[in-house]
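Student: For reference, the structure I am asking about is given below.
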Amino acid sequence: MKSVTFVALVLCLSAGAALVRAEDPYHFFEWHVTYGTISPLGVPQQVIMINGQYPGPRINCTSNNNIVVNVFNKLDEPFLLTWNGIQQRKNSWQDGTAGTMCPIAPGTNYTYKFQVKDQIGSYFYYPTVGLQRAAGGIGPINIHSRDLIPVPFDRPTEEIDVLAGDWYNKGHKALKRILDSGVSIGRPDGIQINGKNVKVGDVAAQPINTVEAGKTYRYRVCNVGLRTSINFRVQGHPLKLVEIEGSHTVQNVYDSLDVHVGQCLSVLVTANQEPKDYYMVVSSRFTKTPMQSVAIIRYANGKAGSASPALPLPPPEGTAGIAWSNNQFRSFRWNLTASAARPNPQGSYHYGKINITRTIKLANSKAQVDGKLRFAVNGVSHVEPVDGTPLKLLEYFDVKGKFAYNLMKDEPSAAPQITLAPNVVNTTWRNFVEIIFENTEKTIQTWHLDGYSFFPVAIEQGKWSPAKRNNYNLVDAVSRHTIHVYPNSWAAVMTTLDNAGMWNLRSMMTERSYLGQQLYLSSLSPEFSLRDEYNLPETQLLCGEVKNLPRINKYSGF
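Residues -22 to -1, 1 to 536 (mature numbering (1 follows the signal peptide of the UniProt record, and there is no 0)) are what the sequence shown spells out, left to right.
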């Protein structure tokens, strides 16, 4: 009897160990990056396609899944992808920015490997080399809750990706030459939705999707443009907001929603109107020349081509429009009762009770430096090291003399002289940080932080002061990774710097980030433990100063 019990115990322990060792599921992708020709605004032009598609393939996965993407670069220039909003826990090696990774050379391939740890929601990927983002190479990332985790709405009949934003008829190489020459790329030429600009009354346009009466559909909307805020609405159908950048929201209903550059959200739309065609409308916000595109939502068994030309009105513009948009922002609330993967740290919805250990106040500026346009943060305009070695590799291999930490101060000076240099801020592991974005310019700014989610606790006009903390939402701000700042206004966010690595904080306006409006946060675990950060992957590309150095394992133990 004892031997049977012992054998059973061993079997149980072995099974338990096997379960502990079991990995989360893997998704494998093979992507071929090529040039192609499409006409987003009716003008044929060269774009970047992935597997012959624009937009690129969808990554459809579940929280905690492992993603493996083998990228073959068939362009005539280097290529990199960033995974906008994916936190890459302990793994800034895969972040896909110039400061963290060597680019994929033409005619070669590289395999990204990362885990969508403790995340759900709507995201997108895009290229980061030069102005390639202006040419495409963009696609959606949809992360679902695990089946055991209840979602605060019924499963929709279908999910539709809406990748919309401004577009330039000039190619990305021409746009890069313009910026390199020292001037702005100017205003975009129009708005595209999933690579198309459809006009009202275009009877040849194909629908973005076909709906069945009485059923509900989820539209995942991302602003993938270069500089323009957009407004999203659907003719005759209210929008129920259910998710913003990986967080379930209180399910308010809207006639239209502003989506600023780099931001994503999900809405539910119920097909409860007369069966016919309806227009989805995406229009520019706060631009001197209005831009617009539509897409068709078609009812099954409805009358094709019957959409009314009377479009739902856009929100107001100018000062009244900013007030309207900001009131909408204030209405966004995190659904604290929803069961879902939550951004780290776990339980961080109590963020309002955590003491702030550091305040970083960032002010964007622009100026002519040596006769060329540059953008800066607190007087530092970011440039990569001369030899192109990623900053993360220089830090990991302890290469001295290539960059200095903390050239940028935590407070902007009154009239800073712009310095061109790598902009790396050294942070303290697990500090709870308050970041203030001040915008003294006449255009809306949008900022994105890789590696973390943060809590946007306030956006207000005027200047920030410590007294403004009394106005913070310290209860249910929506955890997200992108924040906009209105003209002559400020925004405040809070986050815990608990994800070891080097992470990019950048303007999502591509012109601005390319010309220096970005920086890197270096957050190193003092214990140099694999518990906190992965070692240099064996397959990681090496270049520049570290190309011929022997690979090392800097972190150990748990």
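Glycine is no exception: its CB is placed at the ideal position from the N, C-alpha and C atoms. Note that the structure is predicted; figures quoted are calculated from it, not measured.
Could you give the C-beta distance for K380 and E523, rounded to a whole number, given that I count them as a contact under 8 Å?
Tutor: Indexing the sequence shown from 1 puts residue 380 at position 402. Indexing the sequence shown from 1 puts residue 523 at position 545. Indeed, because the Cβ distance is near 7 Å, the residues count as touching under 8 Å.
Student: May I ask which residues mark the beginning and end of the beta strand (DSSP E) holding T460?
Tutor: Here residue 460 corresponds to residue number 482 of the sequence shown, with the count starting at 1. It spans T460 to V463 - the beta strand (DSSP E) in which T460 sits, taken as one unbroken run.
Student: If you draw a straight line from the C-alpha of residue 583 to the C-alpha of N342, how long is it?
Tutor: Residue 583 is absent from the model: the chain starts at -22 and stops at 536.
Student: Flag this pair as yes or no: are the beta carbons of Y498 and V402 separated by less than 8 Å?
Tutor: Position 520 of the sequence shown holds residue 498. Position 424 of the sequence shown holds residue 402. Their beta carbons are under 8 Å apart, which means Y498 touches V402 by this criterion.
Student: Kindly indicate which three-state DSSP category W302 falls into: helix, strand or coil?
Tutor: In the sequence shown, the residue the question calls residue 302 occupies position 324. Three-state result, W302: helix.
Student: How about V202 and V245: do their beta carbons lie closer than 8 Å?
Tutor: As a position in the sequence shown, residue 202 is number 224, starting the count at 1. As a position in the sequence shown, residue 245 is number 267, starting the count at 1. Not a contact, by the Cβ cut-off of 8 Å.
Student: Looking only at its chain, what residues have a beta carbon closer than 8 Å to the beta carbon of F432, apart from the 5 residues adjacent to it on each side?
Tutor: Counting from one through the sequence shown, the residue named residue 432 turns up at place 454. Around F432: I413, S457, R458, H459, I461, V471, M472 and T473.
Student: With a cut-off of 8 Å, do at least 3 Cβ pairs link the segment 385 to 405 to the segment 448 to 457?
Tutor: Not touching, per the Cβ criterion.
Student: Mind checking whether W61 and Y101 have CB atoms under 8 Å apart?
Tutor: As a position in the sequence shown, residue 61 is number 83, starting the count at 1. As a position in the sequence shown, residue 101 is number 123, starting the count at 1. Cβ atoms of W61 and Y101: closer than 8 Å.
Student: Under the three-state reduction of DSSP, which class applies to Y492: helix, strand or coil?
Tutor: Counting from one through the sequence shown, the residue named residue 492 turns up at place 514. In the structure shown, Y492 sits in a helix (DSSP, three-state: H, G or I).
Student: Does DSSP put T78 in a helix, a strand or coil?
Tutor: As a first step, residue 78 must be located in the sequence shown, where it is residue number 100. The answer is coil: DSSP assigns T78 none of H, G, I, E or B.
Student: According to DSSP, is H238 part of a helix, a strand, or is it coil?
Tutor: Translated into the one-based positions of the sequence shown, residue 238 becomes position 260. In the structure shown, H238 sits in coil (DSSP, three-state: anything other than H, G, I, E or B).
Student: What's the C-alpha gap between Q270 and V260?
Tutor: By one-based count along the sequence shown, residue 270 stands at place 292. By one-based count along the sequence shown, residue 260 stands at place 282. Distance between the alpha carbons of Q270 and V260: 6 Å.
Student: According to DSSP, which residues form a beta bridge with E523?
Tutor: As a working note, residue 523 is residue 545 in the sequence shown. In the DSSP output, where bridge partners are listed per residue, E523 has none listed.
Student: Could you tell me how far apart the beta carbons of P105 and I26 are, in whole angstroms, since I believe they sit closer than 8 Å?
Tutor: Working through the sequence shown from its first residue, we reach residue 105 at position 127. Working through the sequence shown from its first residue, we reach residue 26 at position 48. 6 Å between Cβ atoms; contact.
Student: Near L502, which residues of its chain fall below 7 Å by C-beta distance, leaving aside the five closest residues on each side in sequence?
Tutor: If you number the sequence shown from 1, residue 502 lands on position 524. W407 and A478, listed in sequence order.
Student: For E1, which three-state DSSP category applies?
Tutor: For the purposes of this step, residue 1 is taken as the residue at position 23 of the sequence shown. Looking at E1 - three-state DSSP - the assignment turns out to be coil, as it is neither helix nor strand.
Student: What does a CB cutoff of less than 7 Å around V161 pick up in its chain, not counting 5 residues either side in sequence?
Tutor: Taking the sequence shown and counting its residues from 1, the one referred to as residue 161 is at position 183. Closer than 7 Å at Cβ, skipping near neighbours: L351.
Student: Take N172 and list the residues in its own chain whose beta-carbon comes closer than 8 Å to its own, dropping the five residues that flank it on each side.
Tutor: Position 194 of the sequence shown, counting from 1, holds the residue named residue 172. Here the set comprises P33, D139, V140, L141, A142, I186 and A273.
Student: Among all the DSSP beta bridges, which residues are the ones paired with G114?
Tutor: Against the sequence shown, residue 114 aligns to sequence position 136. Looking at the DSSP assignment, G114 forms a beta bridge with I26.
Student: Okay, do the segment 480 to 491 and the segment 41 to 51 touch, 3+ Cβ pairs below 8 Å being the bar?
Tutor: Segments in contact, no.
Student: For N209 versus P293, is the C-beta spacing smaller than 8 Å?
Tutor: In the sequence shown, counting from the first residue as 1, residue 209 sits at position 231. In the sequence shown, counting from the first residue as 1, residue 293 sits at position 315. Yes.
Student: Are there 16 or more other CB atoms within 10 angstroms of the CB of L204, so buried, or fewer, so exposed?
Tutor: Along the sequence shown, one-based indexing puts residue 204 at 226. L204 is buried by the Cβ-count criterion.
Student: Per DSSP, V140 forms a beta bridge with which residues?
Tutor: Translated into the one-based positions of the sequence shown, residue 140 becomes position 162. In DSSP, V140 forms a bridge with V199.
Student: Taking the alpha-carbon of G20 as reference, which of F57, D180, R155 and C80 has the nearest alpha-carbon?
Tutor: What you label residue 20 is simply residue 42 of the sequence shown in a count that begins at 1. Ranking F57, D180, R155 and C80 by Cα distance to G20 puts D180 first.
Student: Please classify Y4 as buried or exposed, where buried requires at least 16 other C-beta atoms within 10 Å of its C-beta.
Tutor: Looking up residue 4 in the sequence shown gives position 26. Its Cβ having fewer than 16 others within 10 Å, Y4 is exposed.
Student: Where does the unbroken beta strand (DSSP E) through H360 begin, and where does it stop?
Tutor: If you number the sequence shown from 1, residue 360 lands on position 382. That run of the beta strand (DSSP E) goes V358 to H360.
Student: So what does DSSP say about G168, is it helix, strand or coil?
Tutor: In the sequence shown, the residue the question calls residue 168 occupies position 190. Strand, per DSSP.
Student: Identify whether T89 lies in helix, strand or coil by the three-state DSSP scheme.
Tutor: Taking the sequence shown and counting its residues from 1, the one referred to as residue 89 is at position 111. Strand at T89.
Student: Compute the Euclidean distance between the alpha carbons of A191 and A345, then round it to the nearest angstrom.
Tutor: Residue 191 sits at position 213 when you count from the first residue of the sequence shown. Residue 345 sits at position 367 when you count from the first residue of the sequence shown. Those two C-alpha atoms are separated by around 55 Å.
Student: Going along the chain, which unbroken runs of the beta strand (DSSP E) with 3 or more residues stay wholly within the segment 31 to 70?
Tutor: You should have 37 to 40, 44 to 51 and 59 to 62.
Student: Around the C-beta of T297, are 16 or more other C-beta atoms found within 10 angstroms, so that it is buried, or is it exposed?
Tutor: The residue given as residue 297 occupies position 319 in the sequence shown. Looking at its Cβ environment, which holds fewer than 16 other Cβ atoms inside 10 Å, T297 is exposed.
Student: Might you give, ordered along the chain, the residues of its own chain that have their beta carbon closer than 7 Å to the beta carbon of P81, omitting 5 neighbours on each side?
Tutor: By 1-based counting over the sequence shown, the position of residue 81 is 103. P56, F57, L58 and V107.
Student: Between the beta-carbon of K193 and the beta-carbon of A249, is there less than 8 Å?
Tutor: The sequence position of residue 193 within the sequence shown is 215, counting from 1. The sequence position of residue 249 within the sequence shown is 271, counting from 1. In this structure, A249 lies closer than 8 Å to K193 by Cβ.
Student: Taking all protein chains shown into account, decide if G224 is buried (16 or more other Cβ within 10 angstroms of its Cβ) or exposed.
Tutor: Indexing the sequence shown from 1 puts residue 224 at position 246. Answer is buried; the Cβ neighbour count reaches 16.
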